[in-house]
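Peer 1: Residue numbers (UniProt numbering): 1 to 1214.
For glycine and all other residues, C-beta sits at the position ideal for the given N, C-alpha and C.
In this text the structure is predicted, and so the values were computed from the model without any measurement.
For reference, the structure I am asking about is given below.
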């Protein structure tokens, strides 16, 4: 800063040498010419060192804030997590912490700007005295206007980020549930919803740009208007001024203009955004934290695992209407406590209370000192990584222990079938795994931790009978034999083995005790079991008599008879065989695409066309930039000529006429009246130039920024449209964080950074072009040095630009793991806390942050490297210009020389700035490139195929033919289905039950029916090949009830009918059919929280059933929909299906054989092939059939009952 203030005085002294009859010696002028380069070199060296420290400090501060936010996430209560959507939290770590970093970079310009203003005004005071007071008032008005604009931007930005939060939250929800969105054909309503939010967000962005335009124009025209004020006042007072004042004032005001335009203005904007960001971060950090209640105590005397619950009551913070009340029980080592009850009875809430997640309002809980809780949630939490990483979850790998857990959870066969074994990457939320595999993986993770108390939230419902029996034997009664185990279950057949049963109803403990005690003493329990058994068409005694009573240390005959393992295989000594002797290859994670080299020209053209103005509109904008730049230069040249005339008019009388030219003599010889007219003319021309400049600046800025924002909105909508129509394989192979990164950080770059840097680039480019033309005109010899400088700068640019672009791409790639880890961690907070794995997750997040900072710091260093070299080269050009003027002086007006050197000084910063901006444009265009990359995703339905077959009005009736069908999920993956040939007749009620072990291809049949991926062969629905009709027509005529019930954060009505196709009466009727009508206090406008967390899993499944009832399609697919619900909900679903889908084709995948035993036919799959396809009774009569063998594993009485039910169904159908 000191060097910047010395420079104008050196320049003024140097220019005075060229004045007529100057008394400056040759030695002095050579020293002055040398100093014109020396001071800039010192200034650049200091500035780049300061910037380096500031950038690094900002980077560290951003990392610290990010880490602080993530640590807070690990501490948030469930209520606080519900109030802070994942989209809002992602936005905190993308935009808000960036505001903190930007303030750290630009914050010191706030005080530097004020200091420079004071010094400049003080210097000018020394030249023109009290006249500067008006300039001081004007400067204060400019500062005030900048601050008002900054405050307005702060208010607008605060509203805008709320829309950004909502948009990213919607994106998160949609991407997580993309399979369901596609099957329901909900792309259009979700697209409209996101685009509506995006439009609202863009309105705020444009408002922010309009206010920002006032700031930009105010700063860009500051020099011109400042001179107009000063020289206008001098003109009005008739006071003289000379070229020295013009030279010093012009250089100082040019510096001040740069300070306001690029530094102070930016710093003030960043300060405004920082206040908003810091308040949002502060509000988040002050959210309620998870805190074990004072009602929880630890027994320091007893080191054995135990838990005592005494008359506790608990409720959620945001839902006091439902809670637990009067819960009392105790459990010690070896106890198996089973929690039962109907839908929404509080079973999961009890586990959450034990974890401390649900606040306790009364009573107390006591744990043993060293007992740790291990929680297995009902909805499995799987993070993106390998199967082994998911099981170890930060612990050391012990092969023996690992494979015991694998075997106990029946995962060993699944791992054998996977080409990469336990090194298989499971994707976000375990996308490549079935529901049963995810449940067993979650259970294996819990077993591996070997804790004292296990809380299992119904893991057996997600698996079939065979696997459930294995898990109950080898895991719950086996490996957890010496633990405290609390099991939420709907499996009545296992109740006999509980040491204690807790029976809940609407949050109240109805009774507790062993099975026999409850049968004797609790009529409600007896009634509940009898009702459930009737629903299952069987009695509990059949389960009891088919098994012998167990003691927990003796292997029962029941388990011996139906064990899946050879006798004695459960002993620890004989489990060594479980460790595979052949090491499987390690699967490598799918790496995000990184383009190499410069951004292609095609990206720029597509960006320009996206805005709608095209090349012609861009050309018009460039003309406005060129005219405004020329006007600014012309007004300064005119002012210089005026100052030169003033110098001549009021020169000292001791200067002889021999020192004057003819032009100077003509000015000197003017009469006072003529001179006053000449002054009036010069002032009014200057006034005209200044006003025209301000108008053009405003027009070009508004037009440019709004066109950029329209382009950004268009690109966002195109990208989202392409994403919605991308094949599901894309979502299965790309983590959520990677996709969200494009819609958060990259879209943010299009909205703000790209428009700013391109505007500054175009503005700076035309300013440099006009400056070079002016200097070349004044001093033609400078063209030689310009050519040399141009060659050197081009050399620097060629080295720097591609390198920094690649580093920027690496930086973008390094951000994706941060968001992926963040998204996964938010979903699994309760489980992470129960495992006490917060530090593991924090370390992983810190690792991702550090990897990003490594790349980011390299990019910062490269920027400083180029900046230092560019500015030093340009400083050398100024020195050359000074010496060339000494050698070839052409008797130019002093004002023209002053203007030429003043512009050469600004050129030093401008060229470095424009090269930086060139790179910044390329860097920010990588965001446009990444957005366009998603726009160009290959759609699941090729745009080249337009001649789709039209479908009849009543299509489909329900006939389905799989004709030599093979199906796989990608062109390089193995076939999941092989040559299926199945025929299902229409015009009658047809129920097809689909069974088979995990990985047999059950879900693949559904995927192929909905054409979710590549298939070979044909699927004919009513003799129409599904390949020949559009995906929209196909999918909207097939209803599905998915295994994982998905609800979106909106009203219940929107969740049921996003298109608005049905009346309220129709929706209420559907809800009445599933018996939910009475439970919806707030009606159809009841708000559904993110993920539907304010409804139980059973209630969510019933809502999904209501969706299917509304659509009234002739084909219904049920994908293990009753796996995670109780028997009453199961019965409700089955009853509604039998009642409402009388003349429909129903395909049911089920783990419970009772669910499908009355189907018309059973389809048994194995390794993607049809093993059996016949009536269930026919298959059960054949002892050698796969279906009969599967049924026999349920016990003799259960098998007999299945045969009886199948026979009854066969008789009825006849």
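For residue 882, I'd like the list of residues in its chain whose CB is within less than 6 Å of its CB, leaving aside the five on either flank, ordered along the chain.
Peer 2: Cβ neighbours of residue 882 beyond the five flanking positions: 33 and 36.
Peer 1: Could you have a look at residue 291 and say whether DSSP puts it in helix, strand or coil?
Peer 2: If DSSP states are grouped into helix, strand and coil, residue 291 belongs with coil.
Peer 1: Considering residue 400, what are the terminal residues of the alpha helix (DSSP H) in which it resides?
Peer 2: Residues 399 to 408.
Peer 1: For residue 201, count neighbouring C-beta atoms within 10 Å of its own C-beta (all shown protein chains included) and say buried if the count is 16 or more, exposed if not.
Peer 2: The residue in question, residue 201, is buried, as its Cβ has 16 or more Cβ neighbours within 10 Å.
Peer 1: Quick one: any contact between the segment 711 to 722 and the segment 932 to 939, if contact means 3 or more CB pairs under 8 Å?
Peer 2: They touch, by the three-pair rule.
Peer 1: Locate the beta strand (DSSP E) running through residue 790, then write down its first and last residues.
Peer 2: No beta strand (DSSP E) contains residue 790, which is instead part of the alpha helix (DSSP H) from 782 to 827.
Peer 1: Using only the alpha-carbon positions, how far apart do residue 694 and residue 854 sit?
Peer 2: Roughly 44 Å between the two C-alpha positions.
Peer 1: What does a CB cutoff of less than 6 Å around residue 820 pick up in its chain, not counting 5 residues either side in sequence?
Peer 2: So the list reads 384, 735 and 737, once near-sequence residues are dropped.
Peer 1: According to DSSP, is residue 366 part of a helix, a strand, or is it coil?
Peer 2: Strand at residue 366.
Peer 1: Can you give me the start and stop residues for the alpha helix (DSSP H) that residue 1098 sits inside?
Peer 2: Element bounds for residue 1098: 1097 to 1111.
Peer 1: Could you pull the start and end residues of the alpha helix (DSSP H) that residue 522 belongs to?
Peer 2: That residue, residue 522, is in no alpha helix (DSSP H); it is neither H nor E in DSSP.
Peer 1: Check for me: the beta strand (DSSP E) holding residue 338 runs from which residue to which?
Peer 2: Counting along the chain, the beta strand (DSSP E) containing residue 338 begins and ends at 336 to 341.
Peer 1: For residue 1001, does the count of other Cβ atoms within 10 angstroms reach 16, so buried, or fall short, so exposed?
Peer 2: Buried.
Peer 1: DSSP state of residue 63, grouped into three classes?
Peer 2: Three-state result, residue 63: helix.
Peer 1: To the nearest angstrom, how far is the alpha carbon of residue 204 from that of residue 276?
Peer 2: Approximately 15 Å between the Cα atoms of the pair.
Peer 1: DSSP three-state call for residue 313: helix, strand or coil?
Peer 2: If DSSP states are grouped into helix, strand and coil, residue 313 belongs with the strands.
Peer 1: With residue 131 as the anchor, note down where its beta strand (DSSP E) starts and where it stops.
Peer 2: It is not in any beta strand (DSSP E) - residue 131 carries neither H nor E in the DSSP assignment.
Peer 1: Beta carbon of residue 455, beta carbon of residue 374: below 8 Å?
Peer 2: Going by C-beta atoms, residue 455 is nearer than 8 Å to residue 374.
Peer 1: Check whether the Cβ atoms of residue 227 and residue 253 lie closer than 8 Å to each other.
Peer 2: Cβ atoms of residue 227 and residue 253: closer than 8 Å.
Peer 1: Which residues share a DSSP beta bridge with residue 1147?
Peer 2: Looking at the DSSP assignment, residue 1147 forms a beta bridge with 992 and 1117.
Peer 1: Where does residue 1137 land, buried or exposed, given buried means 16+ other C-beta within 10 angstroms?
Peer 2: The residue in question, residue 1137, is buried, as its Cβ has 16 or more Cβ neighbours within 10 Å.
Peer 1: Relative to the alpha-carbon of residue 750, which residue among 1052, 229, 110 and 707 has its alpha-carbon at the smallest distance?
Peer 2: When only C-alpha atoms are compared, the closest one is 707.
Peer 1: With distance defined between alpha-carbon atoms, name the residue in 520, 510, 188 and 398 nearest to residue 347.
Peer 2: Measuring from the Cα of residue 347, the nearest candidate turns out to be 510.
Peer 1: DSSP on residue 497, reduced to helix/strand/coil?
Peer 2: Residue 497: helix per DSSP, three-state reduction.
Peer 1: Per DSSP, residue 983 forms a beta bridge with which residues?
Peer 2: Its beta-bridge partners are 961.
Peer 1: Excluding five sequence neighbours on each side, which residues of the same chain lie with their C-beta closer than 6 Å to the C-beta of residue 817?
Peer 2: Excluding positions up to five away in sequence, the list reads 848.
Peer 1: Where in the segment 1042 to 1077 do unbroken runs of the alpha helix (DSSP H), each at least 4 residues long, occur, reported from the N-terminal end onward?
Peer 2: Correct list: 1052 to 1056 and 1064 to 1073.
Peer 1: Using C-beta distances below 7 Å, list every residue in its chain close to residue 448, excluding the 5 sequence neighbours before and after it, in chain order.
Peer 2: Contacts found: 391, 392, 395, 401, 402 and 405.
Peer 1: In the DSSP assignment, find the beta strand (DSSP E) that holds residue 488 and state where it starts and stops.
Peer 2: That run of the beta strand (DSSP E) goes 484 to 488.
Peer 1: With the cut-off set at 8 Å, would you say residue 895 and residue 246 are in Cβ contact?
Peer 2: A contact, by the Cβ cut-off of 8 Å.
Peer 1: With DSSP as the reference, label residue 725 as helix, strand or coil.
Peer 2: Reduced to three states, the DSSP call for residue 725 is coil.
Peer 1: Report the three-state DSSP secondary structure of residue 376 (helix, strand or coil).
Peer 2: Residue 376: strand per DSSP, three-state reduction.
Peer 1: With burial defined as no fewer than 16 other Cβ atoms inside 10 Å of the residue's Cβ, what is the status of residue 606: buried or exposed?
Peer 2: Residue 606 should be labelled buried.
Peer 1: Here's the rule I'm using: 16 or more other beta-carbon atoms within 10 Å means buried, otherwise exposed. How should residue 475 be labelled?
Peer 2: Answer is buried; the Cβ neighbour count reaches 16.
Peer 1: For residue 601, which of 929, 850, 485 and 789 has the nearest alpha-carbon?
Peer 2: Answer by Cα proximity: 929.
Peer 1: Enumerate in chain order the residues of its own chain whose CB-to-CB distance from residue 912 is below 6 Å, with the five nearest sequence positions on each side excluded.
Peer 2: Answer for residue 912: 867, 870 and 871, listed in chain order.
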